[in-house]
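Enquirer: Protein chains in written order, with this note's numbering: chain A, 734 to 933; chain B, 122 to 390.
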Amino acid sequence: MTMKSVDSSKGRLRSTYIAIMIPLGVAINYIGGQLASSLSLPIYMDSIGTAIVAAIMGPWVGAASGVLFNIISALVGGNIMASLFGICNIGTGLIVGYMARMGKFKKLWPDVVIASILVAVWNAATGAPIAMAVYGGIDGNAGTNIMIAAMQNMGRDLFSSAFLARIPTNLLDKGIACVVAWLILSKLPENMQNLNGKKA
Amino acid sequence: MLQTRKQDTILQKLLPSTKLWVALALILAVMLIRNYALSFIVIGISIALIFYEKKTDLFKLIVVTMVVMFFSMYGIHGAIAPNIDKANDPVLFSIFGIDYYLNGFKYASHYYLCVIPLMCSLFLLFTSMDMADLGATMCQMGLPYKGVFTFIDSFQVMKLLGKEMNQIRDAQRARGLETEGNLLARFKAFIPIMVPVVASSIVKVQDQAIAMDTKGFNSLNKKTIYRELIPSALDKLIKVISILVCVGTLAYVILSKMGIISPFMTNII
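#1: Going by the CB atoms, is the gap between Ala306(B) and Glu299(B) shorter than 8 Å?
#2: Could you compute how far the alpha carbon of Tyr347(B) sits from the alpha carbon of Cys260(B)?
#3: Per DSSP, what kind of secondary structure is Ser383(B) in: helix, strand or coil?
#4: According to DSSP, simplified to helix, strand and coil, what is Ser322(B)?
#5: Bridge partners of Asp220(B), per DSSP?
#6: Using the C-alpha atoms, what's the distance from Ile751(A) back to Leu928(A)?
#7: Would you decide whether Leu358(B) is buried or exposed? Buried here means 16 or more other CB atoms lie within 10 Å of its CB.
#8: Comparing the C-beta of Met252(B) with each C-beta of chain A, is any distance below 8 Å?
#9: Between Asn339(B) and chain A, is there a C-beta pair that is closer than 8 Å?
#10: For Ile111(B), tell me which candidate among Ile813(A), Gly795(A), Ile764(A) has the shortest Cα-Cα distance.
#11: Under 8 Å between beta-carbons, which chain B residues line up against Val754(A)? List them in chain order, please.
#12: Counting along the chain, where does the alpha helix (DSSP H) carrying Met790(A) start and finish?
#13: With a Cβ-Cβ cutoff of 8 Å, do Ala853(A) and Ile900(A) count as a contact?
#14: So is Thr186(B) in contact with chain A if we call contact Cβ pairs under 8 Å?
#15: Specify the secondary structure class of Leu68(B) as computed by DSSP and reduced to three states.
#16: Residues of chain B with CB under 9 Å from Met925(A), in chain order?
#17: Measure the C-alpha to C-alpha separation of Cys367(B) and Leu147(B) and round it to an integer number of angstroms.
#18: Ala833(A): which of Pro862(A), Leu916(A), Thr749(A), Gln885(A) sits nearest, CA to CA?
#19: Where does Thr130(B) fall in DSSP's three states?
#20: Rounded to a whole number of angstroms, what is the C-alpha to C-alpha distance between Leu123(B) and Val269(B)?
#21: Please name the residue, chosen from Leu355(B), Ile381(B), Gln327(B), Ile382(B), that lies closest to Leu746(A) on a Cα-to-Cα basis.
#22: In three-state terms, what does DSSP make of Ile346(B)?
#23: Could you tell me the boundaries of the alpha helix (DSSP H) in which Phe191(B) lies?
#24: For Gly869(A), would you say it is in contact with chain B, using Cβ-to-Cβ distances shorter than 8 Å as the test?
#25: Quick check on the DSSP output: what are the complete alpha helix (DSSP H) runs of length 4 or more inside the region 788–814 of chain A, in order along the chain?
#26: Give the interface partners of Lys267(B) over in chain A, defined as CB-CB distance under 7 Å, in chain order.
#27: Would you kindly check if the distance between the Cβ of Leu282(B) and the Cβ of Ile761(A) is under 8 Å?
#28: Between the region 870–889 of chain A and the region 133–144 of chain B, do three or more beta carbon pairs fall short of 8 Å?
#29: Go ahead and pull the three-state DSSP assignment for Met262(B).
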């Protein structure tokens, strides 16, 4: 007698996977941020979960995981204004998710490198105006703040400093997130690699 | 869950829906009115209640964030002061030959004294909230069950994964991993801790999906809630006051912007 395998990429079983993967993405983002903080790293590391969930489950599930993380961490930390940074995480989920769905997240070079650059630029472009609106351009990240201060001393205005300072930080931060997502995706069993909602 | 179900204090006895109204009222009042006196009152009451509720251990983490933000925001805006005309701006004080500008101080206060009262008060409200009660409240509000499950489950998974991360970090340290020292050494420590946590949690996903499906997660029958949330007189009173604060704040902001009333809640600096 042969066992009939269940297609988990569509239907109600997919919704079960979504209900598991979104909280998992939130939790991975959260502990990534906590670990970076406890190791006193000058970067955020709070989008690894978003990238993993987007790579496995598709762009919109990844985006949902990202924005839910920002809402929950804002509630837990009491900093409700920081939930606006969810816009950055939505972009991370969409970029990684669509690249994975199109089959452009299979090789470290150039796929993951391109994804990292796109995600970093998106995060810097959206993070800077949000930081301006919420914190007046300076946030709680020491690495970014030192670079902002240095650029201001060189005569740059606050907004362009806030944007440019975020580029190297995000390249490293999101680069690590994308590489970890790619590593995890490549090691998954085949039936779990086809959960990204891609139409056959 | 982030909290155990205890109902010893008045704050813990309040329903989540009441706390959500209080949170909304505080967010609107602090962000829209932007009055420093109001900010200090909210900070003072919140810190007093944090001590009363014995939440100081968790609050220490928030204090660290607040201190880092304080030095970053006041230091950079006040001393480097990118947004002001340094030639004409009054100097508040000088230290080690560095001038500290008044308008930079005002600029930093404008943002800092908006973020900090909300950090203190919302931390208190959400850490005193029973997450299962919050889930039940959200279902009663008509939100879809799967959405509520996902939201509430996130708190559970965060706690579990946090414990697992601590265990793996201790295990890796025991094997000789350096988590202190220079920046490169600390960077190197990130991956050996993070990847095992992520990998082990992903491995469990298939088993969880099967377990949830066999327990009827996808059942089309209407889901029931085994929790009865009856509002007390205090719940009702606080809810009414919160709604009045929300309406009052919006009315004040709209009327003062239209010039119908004078903005009497202006800041002193």
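Even for Gly, the Cβ is constructed at its ideal location relative to N, Cα and C.
Expert: Taking the coordinates as given:
#1: Yes, the Cβ-Cβ distance between Glu299(B) and Ala306(B) is below 8 Å.
#2: 12 Å
#3: coil
#4: In this structure, DSSP gives Ser322(B) a helical state, which the three-state scheme calls helix.
#5: Ser215(B).
#6: 9 Å
#7: exposed
#8: no
#9: yes
#10: Residue numbering for chain B in the displayed model covers 122 to 390; residue 111(B) lies beyond these limits and cannot be assessed.
#11: The question names Val, but residue 754(A) is Met in the sequence shown. Here the neighbours are Val326.
#12: 781–790
#13: Cβ atoms of Ala853(A) and Ile900(A): closer than 8 Å.
#14: Chain A contact via Cβ: present.
#15: Limits of chain B in this structure are 122 at one end and 390 at the other, which puts residue 68(B) out of reach.
#16: Ile323, Val326, Gln327
#17: Looking at the two C-alpha atoms, the distance is approximately 8 Å.
#18: Leu916(A)
#19: coil
#20: Caution applies to Leu123(B), whose pLDDT of 47 falls short of 50 and renders its modelled position unreliable; the model cannot decide the point.
#21: Gln327(B)
#22: Coil, per DSSP.
#23: 177–196
#24: Taking Cβ atoms only, chain B reaches closer than 8 Å to Gly869(A), which makes this a yes.
#25: 792–810
#26: Ser748, Ala752
#27: yes
#28: no
#29: coil
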